[in-house]
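From first to last, the protein sequence lines stand for chains Y and L.
Residue 263 in the UniProt record's numbering is what sits at position 263 of the first sequence, and the numbering runs on without skipping anything.
Residue 306 in the UniProt record's numbering is what sits at position 306 of the second sequence, and the numbering runs on without skipping anything.
Down below is the structure, laid out as structure tokens.
2 protein chains.
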Amino acid sequence: MTMSNTGGRRKPPTIHDVAREAGVSRGTVSRVLNGGHYVSPAAAQAVDAAIRKTGYVVNRHARSLITGRSDSVGFLLTEPQERFFEDPNFNVLLRGCTQALAAHDIPLLLMIAGTQDERRRIVRYITAGHVDGVLLVSSHSGDPVAEELRAAGVPLVACGKPIGLGSKVSYVAADDRDGARDMVRHLLDLGRRRVGVVTGPLDTPGGVERLAGYQEVLAEAGLEADGRLVVSGDYSRASGEAGAERLLARAPDMDAVFVASDLMAQGVLTALHRAGRRVPQDVAVGGFDDSPAAVATSPRLTTIRQPWDRISAEMVRVLLARIGGEEPAAVILPTELVKREST
Amino acid sequence: MTMSNTGGRRKPPTIHDVAREAGVSRGTVSRVLNGGHYVSPAAAQAVDAAIRKTGYVVNRHARSLITGRSDSVGFLLTEPQERFFEDPNFNVLLRGCTQALAAHDIPLLLMIAGTQDERRRIVRYITAGHVDGVLLVSSHSGDPVAEELRAAGVPLVACGKPIGLGSKVSYVAADDRDGARDMVRHLLDLGRRRVGVVTGPLDTPGGVERLAGYQEVLAEAGLEADGRLVVSGDYSRASGEAGAERLLARAPDMDAVFVASDLMAQGVLTALHRAGRRVPQDVAVGGFDDSPAAVATSPRLTTIRQPWDRISAEMVRVLLARIGGEEPAAVILPTELVKREST
DNA sequence: CTGAAAGCGCTTACAG
DNA sequence: CTGAAAGCGCTTACAG
């Protein structure tokens, strides 16, 4: 009875079955499996046929045992879980990485380091060699997990430039400063002159660089820097809302805001609406990310598109190269202004 | 040069090193590792000490090769990717499952079946035995992947009752009908009499059952069923918005809406707002899920809480039991009305 | 309770 | 180009 279902899983064919079927040795089958070098066309063909006939699939454990590779990678999230729950950017990234890895037949192990305990367990798991490398998503500086992994020599590639890890770690990022410049220039082109900004956390590159881009463009336009127009958030919707309220209180004549993330921009829209300001007539709002959040608002957000597909594809490419022995590399991808109704 | 970083990964200690250090055989070390049965206290202690001293961590590939288990499970998402990007429920579930599995030292492999090609690859991967079982998230009926896996005898547990798979597959679900009943009763208790509903897709249990709960309570209250008050959505925000517009057009006197998901309720709020209806004064809005989306709106949503933590914990528990040879089981968990400002 | 031994399914020098 | 053989690190009957 108990077997009726699970009994469906028979012992799968091994390389030995394929070898016998093809009339060759197991070594030859293995060579075909691993690129087909040093194999005669005839043998290769016989093996291919035998594989199809037997339905053979390689046993990854046996392979890993001997190669020392796991042929899997970890996707490590060290963000506070509220952000993970709230920000659709993670989903986009996760989807992109899963897809890019699938093309290489490499499974993605999801690791979420919320508590201290989880952090420890995950570091132990990774440094034990259970994954070949790690895709790291953690924006904040001084991440102890990242540093531990780097020190242990684990191949790593971060999403966004990791502050405080030196140049020894690979990363893929959008051109934050340039993106911010594009948005602020766009706002100025619209004729706005009192442009506020809600930055990201200033211990993240996105926080620092997007602010820098804002400041540069204002200076180039000959507008004086006004501290009342600058507030910081933590990328959460709530912090955007609170930030807009502070801006409104300090600079009621503000006619535009550049917000360093779409999620915060959602909060800004809420606060503006409550304050009776029309968007974009009274205040133009520009976001950053072009995440799914950007089209969930009304009006929909003008924003700076981060090329998530390319970001995830590059993260995977760089990680696999790193696993293959290449030196660390940084990849900076261009952004794009997406014009919608909020400006 | 190339070695400078990756060279940090030395050959890790094996069971052999531990055995030598502890002065016992490898078999004894293995026995300690696997529960400590048939091992003398003295030997166990020596082995434990040797493990700590050497920093030994089991090589999972070697273990799997012999046990035939992979000691990992897949988390399979067969939803259209838009839903995955938009709906924070997935994140909550993913987080919960990862956490529950981590307690068992079992990694979660994320699998996203968007395209036909991905579907095929994933089925091949799973049926090859690369994971011991699968946590399945796919609300729609007639999912071919689910059926293929079930037929192949892969241990499976679904989130929500899988329509069309018969009773042969385990699942964990919230009590949809009861939750819907609670919400509609709450609306009636508020004095509302023209209560509309935006259902989920009617080929999902959540769609069918929540509608049934709505209908039951109205009937019990002696209110006549009015088809103009019933529209269906697909759980997306946009479909909620469109649904509310249709309701408003067909039943302008509507004074409450029960919406079968928080995300759709977000859309309903947008449409209501645009139509100049105040919430909750003119129209009370009740959601379902208590997802992070419920507190991102203004006013925040009164909703039916699905116990996500328990759902994910139970999914993992049931799956591990199933992998261990137990028969399929269904677990239905109670919901709870969460009162906020939208009613 | 414990050790010696077989074997899981693969890859990879090594000879030819 | 190909086969025979060793060995990856573990678990598990089998004898004691």
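A virtual CB, placed ideally from N, CA and C, is assigned to each residue, including glycine.
Keep in mind it's a predicted model, so treat the numbers as computed, not measured.
Within 8 Å, strictly: CB atoms of residue i and residue j
i, j, result
"L/Val137", "L/Leu93", "yes"
"L/Leu77", "L/Val316", "no"
"Y/Asp105", "Y/Ile304", "no"
"Y/Ala221", "Y/Ile311", "no"
"Y/Arg210", "Y/Gly200", "yes"
"L/Arg177", "L/Ala152", "no"
"L/Ser291", "L/Pro88", "yes"
"L/Val231", "L/Leu248", "no"
"Y/Thr343", "Y/Leu187", "yes"
"L/Glu82", "L/Ser236", "yes"
"L/Thr302", "Y/Leu110", "no"
"L/Thr270", "Y/Ser298", "yes"
"L/Ala251", "L/Arg228", "yes"
"L/Leu65", "Y/Ala19", "no"
"L/Phe84", "Y/Asn91", "yes"
"Y/Leu263", "Y/Ala293", "yes"
"Y/Val283", "Y/Asp255", "yes"
Close beta carbons around residue i, own chain, < 6 Å, minus the five adjacent residues each side
i, result
"L/Ile323", "Asp132, Gly133 and Pro155"
"Y/Ile15", "Arg26 and Val29"
"L/Val217", "Arg181, Val184 and Arg185"
"L/Val47", "Ala22, Val29 and Val32"
"L/Gly207", "Thr199, Gly200 and Pro201"
"Y/Asp17", "Thr54"
"Y/Glu341", "Pro299 and Arg300"
Chain-ordered chain L contacts of residue i [CB-CB under 8 Å]
i, result
"Y/Pro12", "Ala128 and Gly129"
"Y/Arg317", "Ordered by position in chain L, no residue passes the 8 Å Cβ test against Y/Arg317, which lies about 17 Å from the chain."
"Y/Ser170", "Simply none; closest approach about 11 Å."
"residue 429 of chain Y", "Outside the modelled stretch of chain Y, which goes from 1 to 343, sits residue 429 of chain Y, for which no answer is possible."
"Y/Arg300", "In chain order: nothing, as chain L lies at least about 12 Å away."
"Y/Arg310", "In chain order: nothing, as chain L lies at least about 17 Å away."
Neighbour list for residue i in chain L, Cβ cutoff strictly below 9 Å
i, result
"Y/Leu272", "Chain L residues near Y/Leu272: none, gap ~12 Å exceeds 9 Å."
"Y/Arg237", "Ala296"
"Y/Val338", "Residues of chain L passing the Cβ test: none, with the nearest at roughly 16 Å."
"Y/Arg305", "Per Cβ cutoff of 9 Å: no residues; Y/Arg305 is ~15 Å from chain L at best."
"Y/Arg193", "Those do not exist, as Y/Arg193 stays about 30 Å from chain L at its closest Cβ, beyond 9 Å."
Contacts of residue i in chain Y (Cβ-Cβ under 7 Å)
i, result
"L/Ile106", "Result: empty, since nearest Cβ-Cβ is about 10 Å, beyond 7 Å."
"L/Pro88", "Phe85 and Glu86"
Residues near residue i in its chain [Cβ-Cβ closer than 8 Å; skip 5 each side]
i, result
"Y/Asp253", "Arg194"
"Y/Val268", "Val198, Gly240, Glu241, Gly243, Ala244, Val257, Val259 and Val285"
"Y/Leu319", "Val73, Gly133, Val134, Leu135, Pro155, Leu156, Val157 and Ser170"
Contacts of residue i in chain Y (Cβ-Cβ under 8 Å)
i, result
"L/Thr98", "Leu110, Met111 and Ile112"
"L/Ala62", "His61 and Leu65"
"L/Val92", "Phe85"
Nonlocal neighbours in the same chain, by C-beta distance under 7 Å from residue i, ignoring five residues either side
i, result
"L/Lys168", "Arg150 and Pro328"
"L/Asp234", "Pro201"
"L/Val331", "Val172, Glu314 and Val318"
"L/Gly12", "Contrary to the premise, residue 12 of chain L reads as Pro rather than Gly in this sequence. Answer for L/Pro12: Val57, listed in chain order."
"Y/Ala43", "Val24 and Thr28"
"L/Leu108", "Val73, Phe75, Cys97, Thr98 and Leu101"
"L/Ala50", "Val18, Glu21 and Ala22"
"Y/Arg120", "none"
"L/Gly7", "Low per-residue confidence applies at L/Gly7: pLDDT is 41, beneath 50, and the placement is therefore not dependable, though the value from the model is reported in the following sentence. Answer for L/Gly7: no residue qualifies."
"L/Gln266", "Arg237, Gly240, Ala293 and Thr297"
"Y/Gln306", "Ala174, Asp289, Asp290 and Thr335"
Amino acids of chain L, ordered along the chain, whose beta-carbon sits closer than 7 Å to that of residue i
i, result
"Y/Ala102", "Glu118 and Arg121"
Neighbouring residues, chain Y, relative to residue i (Cβ below 9 Å)
i, result
"L/Ala174", "Simply none; closest approach about 18 Å."
Check your understanding: Between the segment 73-84 of chain L and chain Y, which residues of the former have a C-beta closer than 7 Å to a C-beta of the latter?
Key -> Gln81 and Phe84
Check your understanding: Taking Cβ-Cβ distances below 8 Å as the criterion, which residues of the segment 268-296 of chain L are in contact with chain Y?
Key -> Thr270, Arg274, Pro292 and Ala296
Practice item. Tell me, please, whether the segment 99-118 of chain Y touches the segment 146-154 of chain Y by the rule of three or more beta-carbon pairs shorter than 8 Å. Key: no
Practice item. Mind checking the segment 244-266 of chain L against chain Y and listing, in chain order, the residues whose C-beta falls within less than 7 Å of any C-beta there? Key: none
**Study point:** Against chain L: residues of the UniProt domain "HTH cro/C1-type" (14-57) of chain Y by CB proximity under 7 Å
**Key:** Val57
Check your understanding: Of the residues that make up the segment 201-227 of chain Y, which ones have a beta carbon closer than 7 Å to any beta carbon in chain L?
Key -> none
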